[in-house]
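Chains as they are written, first to last, in the numbering used here: chain A, 5 to 250; chain B, 4 to 277; chain C, 63 to 329. By construction, the Cβ of each residue, glycine as well, lies at the ideal position given by its N, Cα and C atoms. Nothing here was measured: the structure is a model prediction, and the numbers come from that model. Here the structure is laid out as structure tokens; the discussion comes afterwards.
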Amino acid sequence: MLTTPIRIRAFSLFAIWLIWEVNAQIAWLVPEVFTPTSQIFAGLAEISVSPVFYEHLFFTIFATGFGFLIAVISGTIIGIALGAFRIFGRAMNPYIAAFASSPKIIFLPVVMSFAGWGTETKVTMAVIGAIFPILLSAYAGMLTINPVHIRVARSFNIKWYDLVRKVYLPSLRHPLLVGFRLGFGAALVSVVLTEAKFGESGLGFLAMQYYGLYAIGKMFSVLVILFALAMIANFLLDRFATRVPH
Amino acid sequence: MTQKKANAVLSVEQVSKSFYVEDEPPILALSETDLEVQKGEFVAVIGPSGCGKSTLFNIIGGLIPSDTGQIVVEGKKTNGPDKQIGMVFQEESTFAWRTVEENIAFPLELAGVPKQDRIKQAAHFADLVGLSGFEKRYPAELSCGMRQRVALARTLALEPQILLMDEPFAALDEQTRMLLGEKITEIREALDQTVLLITHNITEAVQLSDRVAIMSFRPGVIKRILDIDLPRPRGPETISSDKFGHYVGEIWADLREEAARGLRESERALADEH
Amino acid sequence: MSIKSTGSPGTPSRFLKYWHRHNSTLLGLGIFAFLLAIWEASISLGWVSKFVLTPPSGIIQALIKLSKNGELMDALATTLTILGAALGLALVIGISIGFLLYKNELWGKAFEPLLGAIFASPLPLMFPIFLVLFGRTFYAIICLATIYGSIPIIMNTREALLSVRRTLIWVGRSFRLTEVQIFWKIIVPAAAPLMFSGIRMGLIYALLGVVAFEFLTDLGGLGRLLSELNYKFKIPESFALTASTVMLSGFVLFLTGWIERRISNNR
């Protein structure tokens, strides 16, 4: 029966769902949290027809996407620069690592003090979330480029922008893709947590509103949508990466 | 071959082994292989890559079971790794987290030898392989050849009667290999050991052995056994002698055909993949 | 052509030697100091209002104030206590599950991508669930941080144990060790560096989870204090707290990095 990884995965997911469902039906363990899946679906159906939901969805996607885009451009440039000028890379590495490994949400008060309460704050938070994984991936990727390739390119008197375009970027495809994926996830987390804390709009705000009303089924639905959003973005980035020619 | 000599310390009797890969016909790596090693003898098994040399090594060492046949050590059929056999592996096998001394003392530690004695023993064997002064170093601080000597000393620490080595010098450069070969010969004489060396290097086989067993490419069987009648120690004069060259030529003549067949088959396998 | 040596090229000056050994560290410190100086200057020269951006000197003053009245130390102690509990649980859960997934190859293969997917998913967004489950208590924080921290530990433990080379295990067999001896004397020490880097990641993620949760729910230590100061519009103090949290992350990173190098410096 359980002889292949795929079967085991399917079985495990099914088992978790079954336990969840049975628990919900007999209302045994914290029934207010583990609501029946039917209720989550009902919640999904209900919010998917409300125009207010789409407004919130738009705010979240806009802030995440815009911030992510800024982070993609600046993170890639900074990462490549740090990798191309090794001494700066090595010099700045400890500082970048310290920032990268701290919870980004704590920069919210700082950001708010000059970006205010609006969309600018959310976008800035998205940039702060996404830029570190992107620039660190680009930097790490630069360190793995075969130095012989660079020397060969240099021996052809290649211009610096061609060096970036023809040598760096093609070899950075994979690490950059990983960085973009992590970065998008981080941007989404940053934005939604910002919304949950201070926002007046967005899915994070909506989830907290349902939490405040103790509409747990609907809160779950919002979380499910957020996870779906992250997965779709992941999938799209993957597709995009396989399309881009060398 | 069936006639057993009284003082054979190790014998390989009718050993076969096949490997099974899904959706492909089984590969017969060894086919009813026989080999006898006398006490105090240095025997080399030589063959082209992919001929099942390493399989034979693993079976003699008791690391993998054979399909048929048996390994007999001092008249007793073995079952798994035997106490009398010490193995030296081709790949890097030192423990990176232990110093040279701790590496060498590893089997002693597990045998329950008290710490003071262990250190003394380790120092002795480190000296024997020419590593005194390096006892407190870690393997990463040593060269490949030195690490291989650490592994050798670790195996010697239990003083096995039979030393079983699988291309222990394969990763080394030619000159280091020659020097280490001399070292092995010295150690063998000092410890009065029997050695079975698996190798693909013809010069090495002739330089070190009393007898050379030539293996054929798949299925692996011992095709021929050649006595090397050269005086010991075998210094540069011996190696440059006509006789030495003659032995090398003779082995290559036998091996050439097998090696060519091996090369053809591996290239065909590569072609099939595409 | 005559060669005239001025000084002695064979023995560079002490300064040069020092520079060559530590050039990147010194350069990093230099750049950092330079950025701080620009930051400071932009406020004292009036380019930016000090009500918007607190200068480094103001942050240091606020930091002194917060440490003097004991708030910072209390908050730090609370955060570290919660973090300790979460790390302890994550270690137990992570190492045992990682070990089981190593022992059972099939289940290991089955769960590896699932764990990767969970790890890559925006897990902190789940925080309301933990609030509903445990209420506004430290247990909610510990639970989220434990889950967040144990995933890299599980994955690295399995990976580390699997990555031990076959030859090393065969050395053990050839010395006729039992499977248990091989596990403790060979597999575990060989896997230790990679396992530790998983623990390091787990610790960093757990810290992330703890502080973020504290900040979002006004509960616990550093995160709660930051949120509180922010509500009271104590801008220099919030800046100071953000700075100390970054320093804490940096310190944890540095310390665990040092231990990691100690474990694997002989490799």
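Original post:
Helix, strand or coil for T206 (chain B) per DSSP?
Top reply: T206 (chain B) sits in a helix when the DSSP states are folded into three classes.
Subject >> Per-residue DSSP class, three states only, for A272 (chain B) >> reply: In the structure shown, A272 (chain B) sits in a helix (DSSP, three-state: H, G or I).
Original post:
Going along chain D in order, which residues have a C-beta closer than 7 Å to the C-beta of P214 (chain C)?
Top reply: Chain labels in this structure do not include chain D; the protein chains are A, B and C.
**OP:** Give a yes or no on whether the minimum CB-CB distance between N85 (chain C) and chain A is below 8 Å.
**Re:** Nearest CB-CB separation between N85 (chain C) and chain A: below the 8 Å threshold.
Original post:
Should M63 (chain C) go down as buried or exposed, given a rule of 16 or more other Cβ atoms within 10 Å for buried?
Top reply: Reliability fails at M63 (chain C), whose pLDDT of 41 lies under 50, so the model's placement of it is uncertain and the value that follows must be treated cautiously. By the neighbour-count rule (16 or more Cβ atoms within 10 Å), M63 (chain C) is not buried but exposed.
Subject >> As assigned by DSSP and simplified to three states, the class of R221 (chain B) >> reply: When secondary structure is reduced to three states using DSSP, R221 (chain B) falls in the coil class, being assigned neither helix nor strand.
Original post:
Do the stretch 41 to 49 of chain B and the stretch 206 to 219 of chain B touch if we need at least three Cβ pairs shorter than 8 Å?
Top reply: Between the stretch 41 to 49 of chain B and the stretch 206 to 219 of chain B there are three or more C-beta pairs closer than 8 Å, enough to call the two in contact.
Original post:
Per DSSP, M116 (chain A) forms a beta bridge with which residues?
Top reply: Among the bridge pairs identified by DSSP, M116 (chain A) is matched with none.
Subject >> Three-way DSSP call (helix, strand, coil) for L223 (chain C) in this model >> reply: Correct three-state label for L223 (chain C): helix.
Original post:
Near A305 (chain C), what residues of its chain come up, given a Cβ to Cβ distance below 8 Å and the 5 sequence neighbours on each side ignored?
Top reply: Once the five neighbours on either side are set aside, the close Cβ partners of A305 (chain C) are I121 and L125.
Original post:
Hey, out of A:W164, A:L176 and A:G133, whose CA is closest to Y143 (chain A)'s CA?
Top reply: Across the set A:W164, A:L176 and A:G133, the C-alpha of A:L176 shows the shortest separation from the C-alpha of Y143 (chain A).
Subject >> Among C:Y164, C:K165, C:T116 and C:A252, the one whose alpha carbon lies nearest that of W100 (chain B) >> reply: Selected option, being the one with the closest Cα: C:A252.
**OP:** Tell me, please, whether the stretch 197 to 216 of chain A touches the stretch 19 to 38 of chain A by the rule of three or more beta-carbon pairs shorter than 8 Å.
**Re:** When C-beta atoms of the stretch 197 to 216 of chain A are compared with those of the stretch 19 to 38 of chain A, fewer than three pairs fall below 8 Å, so the two segments do not count as touching.
Original post:
Thinking just about the alpha-carbon of each residue, which of C:L145, C:L88 and C:L97 is nearest to the one in I266 (chain C)?
Top reply: Among C:L145, C:L88 and C:L97, the Cα nearest to that of I266 (chain C) is on C:L145.
Subject >> Coarse secondary structure for S81 (chain A), derived from DSSP in three states >> reply: The residue asked about is misnamed: residue 81 (chain A) is Ile in this sequence, not Ser. Note: I81 (chain A) maps to helix in three-state DSSP.
Original post:
CA-CA distance, E170 (chain B) and D166 (chain A)?
Top reply: Rounded to whole angstroms, the gap between the alpha carbons of E170 (chain B) and D166 (chain A) is 48 Å.
**OP:** Could you spell out the range, first to last residue, of the alpha helix (DSSP H) harbouring S42 (chain A)?
**Re:** Counting along the chain, S42 (chain A) sits inside the alpha helix (DSSP H) bounded by residues T41 to S52.
**OP:** Please name the residue in B:I231, B:G248 and B:M218 whose C-alpha comes closest to that of E261 (chain B).
**Re:** Closest by alpha carbon: B:M218.
Subject >> Where the stretch 173 to 202 of chain C meets chain A: residues whose CB sits under 9 Å from a CB there >> reply: Those would be F173, E174, P175, L176, A179, A182, S183, P184, L185, P186, L187, M188, F189, P190, I191, L193, V194 and L195, in chain order.
Original post:
Are F137 (chain B) and A129 (chain B) close, meaning C-beta to C-beta below 8 Å?
Top reply: Yes, the Cβ-Cβ distance between F137 (chain B) and A129 (chain B) is below 8 Å.
**OP:** Determine, using beta carbons only, whether G189 (chain A) comes closer than 8 Å to chain C.
**Re:** Under the 8 Å criterion on CB atoms, G189 (chain A) is classed as interfacial with respect to chain C.
Original post:
Any beta-carbon of chain A closer than 8 Å to the one on N292 (chain C)?
Top reply: Among the CB atoms of chain A, one or more fall inside 8 Å of the CB of N292 (chain C).
**OP:** Would you check if the distance between the CB atom of A28 (chain A) and the CB atom of F38 (chain A) is smaller than 8 Å?
**Re:** Contact flag set, yes.
**OP:** Please state whether DSSP places I201 (chain B) in a helix, a strand or coil.
**Re:** If DSSP states are grouped into helix, strand and coil, I201 (chain B) belongs with the strands.
Original post:
Per DSSP, which one or two residues make a beta bridge with S21 (chain B)?
Top reply: DSSP lists B:L31 as partners of S21 (chain B).
Subject >> Alpha carbon of A182 (chain C) to alpha carbon of I231 (chain C), nearest angstrom >> reply: Each residue's CA atom was taken as its position, placing A182 (chain C) and I231 (chain C) some 33 Å apart.
Original post:
So, V209 (chain B) versus V153 (chain B), is the Cβ gap smaller than 8 Å?
Top reply: For V209 (chain B) and V153 (chain B), no; Cβs fall outside 8 Å.
Original post:
Which residue spans inside the stretch 236 to 290 of chain C form an unbroken beta strand (DSSP E) run of at least 3?
Top reply: Correct list: empty.
Original post:
So, is H60 (chain A) buried or exposed, given that buried needs 16 or more other C-beta atoms within 10 angstroms?
Top reply: Residue burial annotation: H60 (chain A) is buried, with at least 16 other C-beta atoms found within 10 angstroms of its C-beta.
Subject >> Residue ranges of each alpha helix (DSSP H) within the stretch 151 to 198 of chain A, 4 or longer >> reply: For the stretch 151 to 198 of chain A, the continuous alpha helix (DSSP H) assignments of 4+ residues that do not extend past its boundaries occur at 151 to 159, in sequence order.
**OP:** Could you tell me the boundaries of the alpha helix (DSSP H) in which M168 (chain B) lies?
**Re:** Secondary structure note for M168 (chain B): it is in no alpha helix (DSSP H), and the uninterrupted beta strand (DSSP E) holding it is I165 to D169.
Original post:
For chain C, is any of its Cβ atoms less than 8 Å away from the one on V196 (chain A)?
Top reply: With a threshold of 8 Å between beta carbons, V196 (chain A) makes contact with chain C.
Original post:
Which residues of chain C have a Cβ atom closer than 7 Å to the Cβ of S243 (chain B), listed in chain order?
Top reply: The contacting residues do not exist; S243 (chain B) stays about 36 Å from chain C at best.
Original post:
On the three-state DSSP scale, how would you describe G265 (chain B)?
Top reply: For G265 (chain B), the secondary structure class from DSSP, reduced to helix, strand or coil, is helix.
Original post:
Less than 8 Å separating the beta-carbons of P214 (chain C) and E322 (chain C)?
Top reply: No, these two residues do not count as a Cβ contact at 8 Å.
**OP:** Return no unless some Cβ of chain A is closer than 8 Å to the Cβ of V242 (chain C).
**Re:** Chain A contact via Cβ: absent.
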